[in-house]
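Numbering (full-length UniProt numbering), first residue to last: 1 to 508.
Heads up, the beta-carbon is just placed ideally off N, CA and C, and yes, glycines get one too.
Here the structure is laid out as structure tokens; the discussion comes afterwards.
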Ligand SMILES: *[C@@H]1O[C@H](CO)[C@@H](O)[C@H](O)[C@H]1NC(C)=O
Ligand SMILES: *[C@@H]1O[C@H](CO)[C@@H](O)[C@H](O)[C@H]1NC(C)=O
């Protein structure tokens, strides 16, 4: 989802009443960033509080390449990383992930081995359908075992865009309950397989008087974009808008449940996204990054600036805006702080505790780093952003129609060759020029002043940086989701091909 996709962020159709109300009752962060312009590294950063370059969610297979966890990936979240749900256990929290995990799908990376108590969702993106011969369909898990596969038990109709997944993620649906009762249960015992996802998890923890962490990681706005029938065709923005509306409606249901249970004032809720809208899918399946340049896959603002809303009635003052530079990694540190826990002290944590910003309007100077692979592409400090490298994608890809910046050619900035600016960075003032179109003049006092601060922040960062083992270098078709745990019970095990480790190919 992109910065410009919510009504409260200026989306012209104003189709997100629940998120807009969440903002009106809470605080908006207009300068909030993902940790990477791509899903897996950003999510790994959220759960570890550390940049992908530290936690290993990057590749060195090419210069400045984005990488993620397709089903042939061999790597995943390293055992040494401490994840938020693991740490929250120390304060008695129950944790659930609903939706996309994306931190590795091999058995050792299973979310229930990494601190989550419950999971409903899948390890990879909902791409497909596949033929189950060259590639298996992606499994959907309930806790330890798969309960079906996308395009099989969990249909996504690519023609109409219909899928019931967002409904399953938020509440028990008639469709799923009917299917489970109707003779072809997707799990062993139908009764146990009724999805009791976000809402039910909250109800159960409330009844048990247990503190909880719900990571509601839905993916309806990721291509192939989907929505359930009641939402299809209801948006002025097409199918992508239908998906946004359904997510908005679901957020509304989660917030109302917190109110109904009278735990709203004891529950901290944060809404954001893991990367900017994928303009490559625009306009039919892609969203809006508002006034920002380009989208997902790029280190321009459109690739990493995210919508961000915090809601904590009675604690975070209503209707406020914080100009704190924030990051998804801050949710790690802030959540630990809320639970009365300190972040691990034996490693560098990039996340900041945002409570002083949220509760007392305090602003902390901090840099934002934009990486592609292990290449530092850009950095922001205060209002200034410096680009050390510019690249969208190769001419070769671009000529094939792959465009991460459709309709936005900024000469010398949105380049199709990798341009090295490390000697003389391009510097933009993001307040006056959020679209990164007018680089500051190299000779100006403002340029020299801005660059001095940025150079210092980058030097401090790089001098102490110890990159993690890159996890996204090796691929192997044999590790795909052929026979996930639980497949025997469903008769859904497939035979893996011969093991052939290869360098993953990351074109951009
Ligand atoms: C979604 O659920 C409805 C019933 O509520 C059902 O008729 C429909 O077939 C389901 N669609 C998909 C794609 O699963
Ligand atoms: C963008 O504009 C520049 C200068 O006009 C031009 O050289 C370049 O080819 C354009 N790029 C694209 C992708 O059209």
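Out of 431, 38 and 444, the CA that lies nearest to the CA of residue 424 is found in 444.
DSSP, reduced to helix, strand and coil, places residue 263 outside both helices and strands of the structure shown, so it counts as coil. For residue 53, the enclosing alpha helix (DSSP H) begins and ends at 52–55.
Classified as buried, residue 458 has 16 or more neighbouring CB atoms from the shown chains inside 10 Å of its CB.
The shortest CA-to-CA distance from residue 303 to any of 286, 319 and 314 is the one to 286. Cβ-Cβ separation between residue 114 and residue 83: approximately 5 Å, consistent with a contact (criterion under 8 Å).
Rounded to the nearest angstrom, the gap between the Cα atoms of residue 168 and residue 495 is 29 Å.
Counting C-beta pairs closer than 8 Å gives fewer than three between the region 434–448 and the region 365–372, which falls short of the contact rule. Cβ-Cβ distances below 8 Å link residue 64 to 372, 373, 375, 377, 389, 391 and 418 in the same chain, with the five nearest sequence neighbours on each side left out; the list follows chain order. Taking C-beta atoms as the reference points, residue 45 and residue 31 fail to come closer than 8 Å.
Pairing residue 334 with residue 365 gives a Cβ-Cβ distance that is not under 8 Å. Rounded to whole angstroms, the separation of the alpha carbons of residue 260 and residue 404 is 43 Å.
Restricting attention to 359, 326, 345 and 161, the CA atom closest to the CA of residue 338 is found in 359. Any heavy atom of ligand 2 within less than 5 Å of a residue's beta carbon puts that residue on the list, which reads 409 and 411. Look at the region 193–239 and you find these whole runs of alpha helix (DSSP H), each 4 residues long or longer: 198–207. Straight through space, the alpha carbons of residue 320 and residue 93 are spaced by roughly 29 Å. By the C-beta density criterion, residue 473 is buried, having at least 16 other C-beta atoms within 10 angstroms. Residue pairing from DSSP leaves residue 71 without any beta-bridge partner. Looking at the DSSP output, residue 427 shares a beta bridge with 386. Between the region 478–489 and the region 145–153, the count of C-beta pairs closer than 8 Å reaches three or more; the two stretches touch. Going by C-alpha positions, residue 230 is about 33 Å away from residue 47.
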